[in-house]
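K.L.:
When the letters of the sequence shown are read in order and numbered with UniProt numbering, they come out as residues 1 to 289.
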Amino acid sequence: MMVYINIRESAVPGTLSNRILSLQADIPPLETHSEIFGDDISRIAYRDCPLDVQEEEPDPNAIISQSAREAIDQLPIIPNIDSSHHFVKETKSSGEIFNLLKVKGGPHIVELLGRTEDGKLVFPSHIDFAPIVFMDGSISDYKRVLLQLADAVIFLHSVGIIHRDLAIRNILATKDRQSVVLCDLESLYGSNACPEISSAIFQDLPDTERPYSAKSDVFCFGTMIADFILVNNIMTPWQYHSGGFIPPPPFRSIVEACIRRDPADRPSMLDVKAMLEAIVEPAGDGEVA
């Protein structure tokens, strides 16, 4: 039987429900529909489970500044747009256009080609990346793709950009399926999987005060490795913190280093790249167990 669980935030810090919501504790095993409020767990009927749907408020960061519009106007116009070769989209934030200009020519990062006559951004056409399709399960295949992504993130950090949302959904693949491309440089939204970010959200800090950093990117890089390798496994966010969603060797130690709770204890992306490069590929190229 599927069990429905409602977790309510308590005014008392450190309680079970608050620790679960801030990704500091697992949901305990439950056999009936239940509500967790503070340290109390009570049985509830399914019809009593509240459905709290909130409309997303417009993000003020999505407003395009005059300087960003001027930067778009300076882009070359791409004639003869062909959907088989080009991808066209409207910019969602001022940060996106400035980030795209900063990373032009960077390795394995989506490339801004120019604009349409009406000001939309034009990129090369890529295909969605899905590990289950593009990766054959071999250690060398994982290593190759992860090194490409490590180079992309290292370049972002070198020009002062924090991606904030490293995840499979923000990866594209070239049409020959040999390379991956990191996208989504809007910097509007960020992952809440990282402990210091989930804690800031729990404290109701505004987005501008949440401590996104190179080390929060490292945390997400680690969870992304786990997602690659365990793509068919059922995952819940707190499993990263409890050690229940960690891939086997030789990637286990890298993921464990990336998702350390204290950001100061996590490696840099250069360190992560070195750890990936140090992976010894077995003769005959075995699969990840």
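In this text, a Cβ means the ideal position worked out from N, Cα and C, and glycines have one as well.
#1: Skipping 5 residues on each side, what residues in its chain have a beta carbon closer than 6 Å to that of I254?
#2: Mind checking which residues open and close the alpha helix (DSSP H) that includes D165?
#3: Hey, would you say L147 sits closer than 9 Å to D217, going by beta carbons?
#4: Three-state secondary structure (DSSP) at H86?
#5: For D59, which three-state DSSP category applies?
#6: Between the Cα of N18 and the Cα atoms of D40, F87, T91, which residue gives the shortest distance?
#7: Evaluate contact between the stretch 201–210 and the stretch 165–172, counting only Cβ atoms and requiring at least three cross-stretch pairs below 8 Å.
#8: Given a cut-off of 9 Å, decide if I162 and S187 are closer than it, judged by their beta-carbon atoms.
#9: According to DSSP, which residues form a beta bridge with I225?
#10: Note down the Cα distance separating P58 from G95, rounded to an integer number of angstroms.
#11: The alpha helix (DSSP H) spanning S42 covers which residue range?
#12: Would you mind reading off the limits of the alpha helix (DSSP H) that contains I36?
#13: Given a threshold of 16 other Cβ atoms within 10 Å of its Cβ, counted over all protein chains shown, does K215 qualify as buried or as exposed?
#14: Look up D271 in the DSSP assignment and say whether it is helix, strand or coil.
P.N.:
Checking against the coordinates, here is how it stands:
#1: Counting from one through the sequence shown, the residue named residue 254 turns up at place 254. Only M275 meet the Cβ criterion.
#2: For the purposes of this step, residue 165 is taken as residue 165 along the sequence shown, with counting starting at 1. Premise fails: D165 is in no alpha helix (DSSP H) and is neither H nor E.
#3: Taking the sequence shown and counting its residues from 1, one reaches residue 147 at position 147. Taking the sequence shown and counting its residues from 1, one reaches residue 217 at position 217. Not in contact: L147 and D217 (Cβ atoms no closer than 9 Å).
#4: Here the question's residue 86 lines up with position 86 in the sequence shown. DSSP places H86 in strand when its eight states are reduced to three.
#5: Indexing the sequence shown from 1 puts residue 59 at position 59. Residue confidence is low: D59 scores 45 on pLDDT, short of 50, so the model does not pin down where it sits. Its coordinate-derived value is still stated next. Residue state, collapsed to three classes: coil.
#6: In the sequence shown, residue 18 corresponds to position 18, counting from 1. The shortest Cα separation from N18 among D40, F87, T91 belongs to D40.
#7: no
#8: Within the sequence shown, the letter at position 187 stands for residue 187. Within the sequence shown, the letter at position 162 stands for residue 162. Against a cut-off of 9 Å, the Cβ pair of I162 and S187 comes out as a contact.
#9: The residue labelled residue 225 in the question sits at position 225 within the sequence shown. BP columns for I225 are empty, so no partner.
#10: Here residue 58 refers to the residue found at position 58 of the sequence shown. Here residue 95 refers to the residue found at position 95 of the sequence shown. Legend: pLDDT at P58 = 42, less than 50; position of this residue unreliable, no value from coordinates given.
#11: Indexing the sequence shown from 1 puts residue 42 at position 42. That residue, S42, is in no alpha helix (DSSP H); its beta strand (DSSP E) goes 40–43.
#12: As a first step, residue 36 is located in the sequence shown; it is residue number 36 there, counting from the start. Taken as a continuous stretch (DSSP letters only), I36 belongs to no alpha helix (DSSP H), being part of the beta strand (DSSP E) at 34–37.
#13: For this step, residue 215 is matched to residue 215 along the sequence shown. Buried, because 16 or more other Cβ atoms sit within 10 Å of the Cβ of K215.
#14: Sequence index remark: in the sequence shown, residue 271 carries index 271 (1-based). D271: helix per DSSP, three-state reduction.
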